[in-house]
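Here the structure is laid out as structure tokens; the discussion comes afterwards.
Laid out in structure tokens, this is it:
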């Protein structure tokens, strides 16, 4: 579904770009229009928040929201966790009802930039993405707003819907009073997609080498800590590169999940990630020249090709 791609990319941008201080509109130029939702164009006369592109999905029906969401659940916010970034944090929900999505235990870790109150119960419509630089899946409310507090009478509050023009569907009186009924009866909860998976660690170098899109031998000129999980590494020089796909662009910046040293040589295994690249696994995708045994094993493997 192109609508999912559009909105999914927004969710990825949320966690990546808030953490990396990059503005959303600069990263979503190539998004396609939605099949599920209507697109905003000049004909609607809607003044969009600067965070939205002109083709952003306007949710006019609950079916659109349930179709685009990867996770729909009801749960109580039990605690929060920060990761050294004042713009976003994790909210951990104890789930009481799971309407859509996989639940391995009773908790879901939601990425948020809007404060919600611990102890409050909410309905949440969220998308999910995985990135190798983060230890957890990035589960993000639709447009970072689709979180609905449950009131004492079972109805929902719309206090967290900031951009009302993007969510006309939620102002339906039936949804406000009977949210669970609307969700359960919506055909959108049956629409699923194959969720992205990140490799934690390959069993050996040969397995990782067989699954790469791009390998670079690189020196970084500047390394900046974004938060406790992510470092932004500016490329000084790519000394050698090995491409599995010729269309993969050479990176000017690589985000990694451990502290590196500027001026030192590294071999980095990369996978395609939208229009760029990311490290190919959470562990083992970055080899330092100082690790001579591993370095020589990788170089011998690459030079034998």
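In this note's numbering, the protein residues as written are 566 to 870.
All C-beta atoms, glycine included, are put in the ideal place defined by N, C-alpha and C.
The structure displayed is predicted, hence computed values, not measured ones.
In three-state terms, what does DSSP make of residue i?
i: residue 739; result: helix
i: residue 613; result: With a pLDDT of 33 at residue 613, under the threshold of 50, the modelled position of this residue cannot be trusted; read the value that follows with caution. In the structure shown, residue 613 sits in coil (DSSP, three-state: anything other than H, G, I, E or B).
i: residue 586; result: Legend: pLDDT at residue 586 = 33, less than 50; position of this residue unreliable, no value from coordinates given.
i: residue 757; result: coil
i: residue 865; result: helix
i: residue 664; result: strand
i: residue 605; result: Any reading at residue 605 is ruled out, since the residue's pLDDT is 38, under 50, leaving its predicted position unreliable.
i: residue 591; result: Annotation note: pLDDT 27 at residue 591 (below 50); position unreliable, coordinate value reported separately. Three-state result, residue 591: helix.
i: residue 774; result: helix
i: residue 747; result: helix
i: residue 857; result: helix
i: residue 846; result: strand
CB residue i to CB residue j, shorter than 8 Å?
i: residue 839; j: residue 853; result: no
i: residue 686; j: residue 715; result: yes
i: residue 737; j: residue 710; result: no
i: residue 780; j: residue 834; result: yes
i: residue 629; j: residue 753; result: yes
i: residue 793; j: residue 649; result: yes
i: residue 631; j: residue 751; result: yes
i: residue 842; j: residue 813; result: yes
i: residue 657; j: residue 690; result: no
i: residue 698; j: residue 844; result: yes
i: residue 731; j: residue 621; result: yes
Along the chain, where does the beta strand (DSSP E) containing residue i start, and where does it finish?
i: residue 811; result: Taken as a continuous stretch (DSSP letters only), residue 811 belongs to no beta strand (DSSP E), as it is neither H nor E.
i: residue 631; result: No beta strand (DSSP E) contains residue 631, which is instead part of the alpha helix (DSSP H) from 627 to 633.
i: residue 835; result: 830 to 838
i: residue 825; result: Here residue 825 belongs to no beta strand (DSSP E), and DSSP marks it neither H nor E.
i: residue 781; result: 779 to 790
i: residue 636; result: 636 to 647
i: residue 670; result: First-last for residue 670: undefined, no H or E at that position.
i: residue 765; result: 764 to 766
(message) Count Cβ pairs between the region 618 to 631 and the region 639 to 657 that sit closer than 8 Å; are there 3 or more?
(response) no
(message) Please give the ranges of any alpha helix (DSSP H) in the region 678 to 743, keeping only runs that are unbroken, at least 4 residues long and fully inside the region.
(response) 738 to 742
(request) Say whether the region 657 to 675 touches the region 815 to 831, bearing in mind that this needs 3 or more beta-carbon pairs closer than 8 Å, one atom from each stretch. (result) Contact between the region 657 to 675 and the region 815 to 831 is absent, because fewer than three Cβ pairs lie under 8 Å.
(request) Give a yes or no on contact between the region 790 to 805 and the region 761 to 775, applying the rule of three or more CB pairs nearer than 8 Å. (result) no
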